[in-house]
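Numbering (the working numbering), first residue to last: 74 to 361.
Don't be surprised by glycine CBs; every beta carbon is placed ideally from N, CA and C.
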Amino acid sequence: MNYRHAFHAGNFADVFKHVVLCRILNYLREKPAAFRVIDTHAGEGLYDLTTSEARRGGEWSAGIGRLVAAADTRPIPADAAALLKPYFDVIGALNERGQIKVYPGSPAVARAFLRPQDKLIACELEPAAVRQLVRHLDNDGRIKTIAIDGWTALGAYVPPPERRGLVLVDPPFEEEADFHRLSHLLGIAHRKWATGIYALWYPIKGRGEADALAKRVRKLGIAKVLRAEHLVSAVSDQSRLNGSGLILVNPPWTLEAELKVLLPVLARLLGREINNGSYRLDWLSGEN
Numbered sequence: 074m075n076y077r078h079a080f081h082a083g084n085f086a087d088v089f090k091h092v093v094l095c096r097i098l099n100y101l102r103e104k105p106a107a108f109r110v111i112d113t114h115a116g117e118g119l120y121d122l123t124t125s126e127a128r129r130g131g132e133w134s135a136g137i138g139r140l141v142a143a144a145d146t147r148p149i150p151a152d153a154a155a156l157l158k159p160y161f162d163v164i165g166a167l168n169e170r171g172q173i174k175v176y177p178g179s180p181a182v183a184r185a186f187l188r189p190q191d192k193l194i195a196c197e198l199e200p201a202a203v204r205q206l207v208r209h210l211d212n213d214g215r216i217k218t219i220a221i222d223g224w225t226a227l228g229a230y231v232p233p234p235e236r237r238g239l240v241l242v243d244p245p246f247e248e249e250a251d252f253h254r255l256s257h258l259l260g261i262a263h264r265k266w267a268t269g270i271y272a273l274w275y276p277i278k279g280r281g282e283a284d285a286l287a288k289r290v291r292k293l294g295i296a297k298v299l300r301a302e303h304l305v306s307a308v309s310d311q312s313r314l315n316g317s318g319l320i321l322v323n324p325p326w327t328l329e330a331e332l333k334v335l336l337p338v339l340a341r342l343l344g345r346e347i348n349n350g351s352y353r354l355d356w357l358s359g360e361n
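Structure, rendered in structure tokens:
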């Protein structure tokens with residue numbers, strides 16, 4: 074694998090994914106029963122935004138950097154600001170006030186929501202990323218880091234003993250087959266654990282692969298599937314990342330209403346040009 078998330082950490086796609094992740098985790102911890110998070114493609118866990126890799130791409134400045142700057146100048150509506158607070162709290166706990174030097178990967182975001190009874194399985198295969206993941210998270214008894222292919226992990230660790238929880242699937246999409254793997258392995262995992270929450274992230278350069286993924290997911294016959302997409306520009310130039318999406322299986326009952334508030338704000342603030350972002354929120358199956 075040659076994908077290095079250090080170049081992209083904190084970009085607009087990370088912001089969208091992690092804002093939604095925080096809303097799901099916030100919901101899970103509202104009930105006293107334990108839950109488990111299974112992160113199939115965990116990456117390094119934490120990212121230093123002062124490194125040459127992060128500075129070279131500079132993508133974080135148009136993502137988390139822009140969102141934090143907007144929050145500081147107070148143009149975010151109060152209802153959206155309240156929903157964003159858990160996400161900002163995670164970022165703030167890792168950084169000095171007024172500075173953003175560290176950005177959390179999804180396992181570090183999940184760790185911030187774990188209670189003593191909750192667990193996280195963080196899976197990663199790339200050796201250098203595994204070493205960093207272990208260094209960043211392995212001193213926490215609630216967390217188990219495993220060097221395993223994420224696609225294998227998607228089926229291997231469900232259902233969890235807790236019977237409540239979230240499976241986050243966030244592959245690097247280096248291979249054309251990854252879109253097909255995503256829908257195929259979701260079907261296998263869902264048959265083993267039909268009541269779990271699944272969040273499947275995918276990139277959007279053009280509409281073809283994203284729409285084909287949605288069509289395949291519809292054919293799986295899963296009862297509740299919500300699709301959320303966030304675009305920072307039109308898909309006319311398919312050589313670059315124009316947005317990203319999340320397939321959300323068994324989403325919390327609160328999530329659709331929350332995303333109706335959050336997605337317009339993210340689209341307005343994170344568009345490549347002022348106010349040129351867009352979004353989509355619809356049910357692939359279920360509560361239409």
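To which residues does DSSP link residue i through a beta bridge?
{"i": "G318", "result": "Y275 and E302"}
{"i": "L119", "result": "P177"}
{"i": "Y61", "result": "Nothing about residue 61 can be read from this structure; the chain reaches only from 74 to 361."}
{"i": "I270", "result": "L239"}
{"i": "S358", "result": "V298"}
So the candidates are the options; which of them puts its Cα closest to the Cα of residue i?
{"i": "L258", "options": "H81, P159, L227 and V203", "result": "L227"}
{"i": "R313", "options": "K278, A79 and L339", "result": "K278"}
{"i": "N315", "options": "G136, A115, D112 and I97", "result": "G136"}
{"i": "V92", "options": "E360, L339 and R345", "result": "L339"}
{"i": "I261", "options": "D284, Y230 and R280", "result": "Y230"}
{"i": "R291", "options": "W356, L101 and A82", "result": "W356"}
{"i": "D145", "options": "A166, R170, L328 and D121", "result": "R170"}
{"i": "V141", "options": "L157, R128 and R264", "result": "L157"}
{"i": "V163", "options": "P150, A155, L299 and A183", "result": "A183"}
{"i": "E235", "options": "E247, V242, T268 and L241", "result": "T268"}
{"i": "K265", "options": "A283, R280, E249 and V240", "result": "V240"}
{"i": "I295", "options": "D284, G165 and S256", "result": "S256"}
{"i": "D121", "options": "D251, A106, P233 and F80", "result": "F80"}
{"i": "P189", "options": "E248, R102, R139 and Q311", "result": "R102"}
{"i": "N168", "options": "G138, A155 and A143", "result": "G138"}
{"i": "Q311", "options": "A283, E331 and L332", "result": "A283"}
{"i": "A107", "options": "A166, R204, E331 and P233", "result": "P233"}
{"i": "A155", "options": "G350, L332, L354 and E346", "result": "L332"}
{"i": "S134", "options": "N349, A330 and Q172", "result": "Q172"}
Are residue i and residue j touching if we call contact CB-CB under 9 Å?
{"i": "G118", "j": "A181", "result": "yes"}
{"i": "S317", "j": "Y275", "result": "yes"}
{"i": "R254", "j": "P245", "result": "no"}
{"i": "Y176", "j": "C95", "result": "no"}
{"i": "L336", "j": "Y352", "result": "yes"}
{"i": "V110", "j": "D191", "result": "yes"}
{"i": "A307", "j": "L321", "result": "no"}
{"i": "A220", "j": "H78", "result": "no"}
{"i": "G359", "j": "L299", "result": "yes"}
{"i": "H263", "j": "F89", "result": "no"}
{"i": "L273", "j": "V242", "result": "yes"}
{"i": "F252", "j": "L198", "result": "no"}
{"i": "E132", "j": "A82", "result": "yes"}
Can you round the beta-carbon distance between residue i and residue j to whole angstroms, since I take them to be within the 8 Å contact cut?
{"i": "R215", "j": "L193", "result": "6 Å"}
{"i": "K297", "j": "P324", "result": "7 Å"}
{"i": "A115", "j": "G178", "result": "7 Å"}
{"i": "N84", "j": "F186", "result": "Wrong, their Cβ atoms sit about 22 Å apart, outside the cutoff."}
{"i": "L206", "j": "T218", "result": "5 Å"}
{"i": "T123", "j": "K174", "result": "5 Å"}
{"i": "I97", "j": "L328", "result": "7 Å"}
{"i": "A151", "j": "V334", "result": "The Cβ separation is near 10 Å, so there is no contact."}
{"i": "V305", "j": "G281", "result": "About 19 Å separates the two Cβ atoms, so there is no contact after all."}
For the stretch 164-248, which segments carrying the alpha helix (DSSP H) assignment without a break, of at least 4 residues, lie completely within its bounds, in sequence order? 179-184, 200-210 and 223-229
Can you check the stretch 76-155 for any beta strand (DSSP E) of at least 3 residues that lies completely inside it and give the ranges in chain order? 109-112 and 119-121
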